[in-house]
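In this note's numbering, the protein residues as written are -13 to 140.
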């Protein structure tokens, strides 16, 4: 009986170690829509319109926030290892610039080296009005809601 545990215990330990190590393997994720070089070669600067670009490349990932004459096709590859933060391994962006007449003006490629990290600000924007405590908020809401069903009408 004692001999049996001597063979089973190392096997169980190896199995547990294999499962634990596989759980720690990095997880790769690819997101986005990056046009292939063969698709980009079909676009002639100064000739193609927005509609033609959409037919060749598909819908862009996003448009310029303040200038809708720029279409961005974005692809990003990230890696996450166990509980650590996700890391960007590769990022490619193809920007298609249009004239005011919706004709392709330029095509520009950007990669991970062009990426800028922007830190989040932890502050909160104050709101105008009275600051209420949790108890004041709770008491203030009592009796506000009627027993009738749905509608929410006024």
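Ideal Cβ placement from N, Cα and C applies to all residues, glycine included.
Residue i: first and last residue of the uninterrupted alpha helix (DSSP H) it sits in
{"i": "residue 23", "result": "23 to 26"}
{"i": "residue 126", "result": "120 to 127"}
{"i": "residue 20", "result": "Per DSSP, residue 20 belongs to no alpha helix (DSSP H) and is neither H nor E."}
{"i": "residue 109", "result": "Counting along the chain, residue 109 falls outside any alpha helix (DSSP H), and DSSP gives it neither H nor E."}
{"i": "residue 42", "result": "36 to 43"}
C-beta atoms of residue i and residue j nearer than 8 Å
{"i": "residue 12", "j": "residue 63", "result": "no"}
{"i": "residue 89", "j": "residue 32", "result": "yes"}
{"i": "residue 60", "j": "residue 48", "result": "yes"}
{"i": "residue 114", "j": "residue 95", "result": "no"}
{"i": "residue 36", "j": "residue 84", "result": "yes"}
{"i": "residue 20", "j": "residue 78", "result": "yes"}
{"i": "residue 105", "j": "residue 118", "result": "no"}
{"i": "residue 14", "j": "residue 93", "result": "no"}
Burial state of residue i, where buried means 16 or more other Cβ atoms lie within 10 Å
{"i": "residue 1", "result": "exposed"}
{"i": "residue 102", "result": "exposed"}
{"i": "residue 34", "result": "buried"}
{"i": "residue 43", "result": "buried"}
Unbroken beta strand (DSSP E) run spanning residue i, endpoints
{"i": "residue 95", "result": "90 to 96"}
{"i": "residue 64", "result": "56 to 66"}
{"i": "residue 77", "result": "73 to 84"}
Anticipated Cβ contact below 8 Å, residue i with residue j, distance rounded
{"i": "residue 74", "j": "residue 39", "result": "No, residue 74 and residue 39 are not in contact; Cβ-Cβ is about 27 Å, not under 8 Å."}
{"i": "residue 98", "j": "residue 76", "result": "6 Å"}
Chain-order list of residues whose beta-carbon lies under 6 Å from that of residue i (same chain, five-residue window excluded)
{"i": "residue 121", "result": "none"}
{"i": "residue 16", "result": "63"}
Residues near residue i in its chain [Cβ-Cβ closer than 7 Å; skip 5 each side]
{"i": "residue -4", "result": "none"}
{"i": "residue 29", "result": "39, 42, 90 and 93"}
Own chain residues within Cβ distance below 8 Å of residue i, not counting five before or after
{"i": "residue 86", "result": "55"}
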